[in-house]
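In this note's numbering, the protein residues as written are 4 to 627.
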């Protein structure tokens, strides 16, 4: 296989097997069959298929986009995806982490998220099809009653014959899910008649899957308003017979697709249920448990979206590096006064190196954070008692940080990639503008980053009894600082200690606001607080990495400097990797992380302008 143009696979292996040591999970019965060779085999195959069959069609599929055929009410997706989707399903990648009793591999979730990282970096829009399918399928496994067709339906989803989606949003019920209007009426046979409309449904309909099986939020007639009255139903496009075969049309149609900034290859559908009064759905779990059940899929989806941020950023960064190695422009700074000096490639210019090093550091931290969430999921499955609770608490705390932090950062990284290209980055002839377009949606769907920030601030922090989640988070950072002492340069350890003390100060201030009932001030600070936690998380991850890479970098590079070191790094890929990983980690903690302290002071300043501002002070465009 050619060199991976979208993911630094050496760094992926470092994260999995040196930082987390996921191969040692085989000491637990659940993962006993999976040694390092087995795990690497799956990861390597995912890399091969994503690079060779999915990445090459990303640009053409984006230009073609999904198409809506109004006369037939059908959605046609780029045919370029079909070969890659078949290869993806044939390899069983959708079910890497799925319990074998359902036909899955039963591998660690950290491996599943690694596989997903490769495919998402290859094409964000492509990977959304199987990701939504497995998200829906996981709910069906856990909450759908044992209908005669349940097992067969799941097999069809896991083999790519049928697909899935997530049907939450309505025209008047976006972030306020409780305002939904979709209704469910119980039928004599125990099923329900579903009637309503959902919008912004990714993968809601397409011509690859023979049947789409939707999880749909609806309110049973007579149930209370708001989120407490919501139930969730399985609603197939075509009805499912007892033998698992496809039956008659179930009055589920796509009324159109959105014309979007990015992810063109994946259709964002308006779905209509029961327009002819003949849509059948099946209750999952108990009545009025819809939000509780849906949160399982939403948490999985939010982890995946955070991973999307890392993956898209990775592809943009890798392309920026390649372009910077080849683009010749201007003399080296040290040769500016030499009349005969030749122009050099822009990767040798300090400002470009700064951008690339910043991108590298953030991509590494983003990917590590997502895979760490996968690893914590594994630990929560296999550990017992306090260790299990601690892993779950830390995971719960990191989910909104991973989603919001990674996706906000993805927008920044893709912008820096465009900057490296100069004017060409703004042109559609080059790939980085697509990565920026694809990245923006990540801050919006699966709960906007403002919603993530409020979730982190209120549910995961201030209203968490005894600060269980926050204490688990602090404990991990404290353990990392302790591990770093005597291994990592003192200056980086001191910065992290200062950062931990500062976030304690901020949390105490936010708690004081809560005690004073100053909710407007709390919510005005929610996003800055989330940003603080994202930066602190990246810094602790980079410090953790330093505890491993610093000794290795010193071992491989010795005391070489200047031209001797440059030659060594050019000739020795392993030395180049560890020295590079060390430098990006040092750059993040020693330079980028100082932005964290400014953001903390922003919160602590207690400025009340946001609270005082009324709608009347803002001058906008005239209403259309």
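Beta carbons are placed, not taken as given, at the ideal position from N, Cα and C, and that holds for glycine.
From a predicted model like this one, the values you see are computed outputs, not experimental measurements.
- Out of 529, 429, 541, the CA that lies nearest to the CA of residue 479 is found in 541.
- Ranked by Cα distance from residue 442, the options 126, 251, 68, 19 are led by 126.
- Scanning its chain for C-beta atoms nearer than 7 Å, with the 5 sequence neighbours on each side dropped, one finds around residue 213 the residues 164, 165, 249, in chain order.
- Here DSSP, grouped into helix, strand and coil, assigns residue 490 to coil.
- In the three-state DSSP reduction, residue 266 falls in the coil class, being neither helix nor strand.
- Boundaries cannot be given for residue 97, as no alpha helix (DSSP H) includes it and DSSP labels it neither H nor E.
- Rounded to the nearest angstrom, the gap between the Cα atoms of residue 110 and residue 149 is 25 Å.
- The Cβ atoms of residue 605 and residue 531 sit closer than 7 Å to each other.
- Its chain contains no residue whose beta carbon lies nearer than 7 Å to that of residue 104 once the 5 sequence neighbours on both sides are disregarded.
- Its chain contains 480, 483, 484, 487, 542, 543, 546, 592 as the residues whose beta carbon lies nearer than 8 Å to that of residue 499, once the 5 sequence neighbours on both sides are disregarded; these appear in chain order.
- The beta carbon of residue 582 sits closer than 7 Å to those of 556, 560, 572, all from its chain and outside the five residues before and after it, given in chain order.
- Residue 176 has 173 as its beta-bridge partners, per DSSP.
- Between residue 167 and residue 216, the gap from beta carbon to beta carbon is short of 7 Å.
- It is roughly 52 Å from the alpha-carbon of residue 493 to the alpha-carbon of residue 68.
- Residue 460 and residue 401 have their C-alpha atoms spaced approximately 12 Å apart.
- By the neighbour-count criterion, in which 16 or more other beta carbons inside 10 Å mark a residue as buried, residue 185 falls on the buried side.
- Taken in chain order, the complete alpha helix (DSSP H) segments of 4 residues or longer contained in the region 73-160 are 83-93, 112-125, 127-146.
- For residue 335, there is no enclosing beta strand (DSSP E), since its DSSP letter is neither H nor E.
- By the Cβ neighbour-count rule, residue 319 is buried, with 16 or more other Cβ atoms within 10 Å of its own.
- In the three-state reduction of the DSSP assignment, residue 213 falls in the coil class, being assigned neither a helical nor a strand state.
- A contact is defined here as three or more CB-CB pairs under 8 Å, and the region 309-329 fails this definition with respect to the region 379-387.
- Taking 7 Å as the cut-off, the Cβ atoms of residue 268 and residue 65 count as close.
- Annotation: the continuous alpha helix (DSSP H) that includes residue 320 extends over 293-329.
- Residue state for residue 187 is assigned as strand, using DSSP reduced to three classes.
- Of the candidates 173, 507, 509, 236, the residue whose Cα lies closest to the Cα of residue 289 is 236.
- C-alpha of residue 173 to C-alpha of residue 251: approximately 26 Å in a straight line.
- With a threshold of 16 other beta carbon atoms within 10 Å, residue 141 meets it and is buried.
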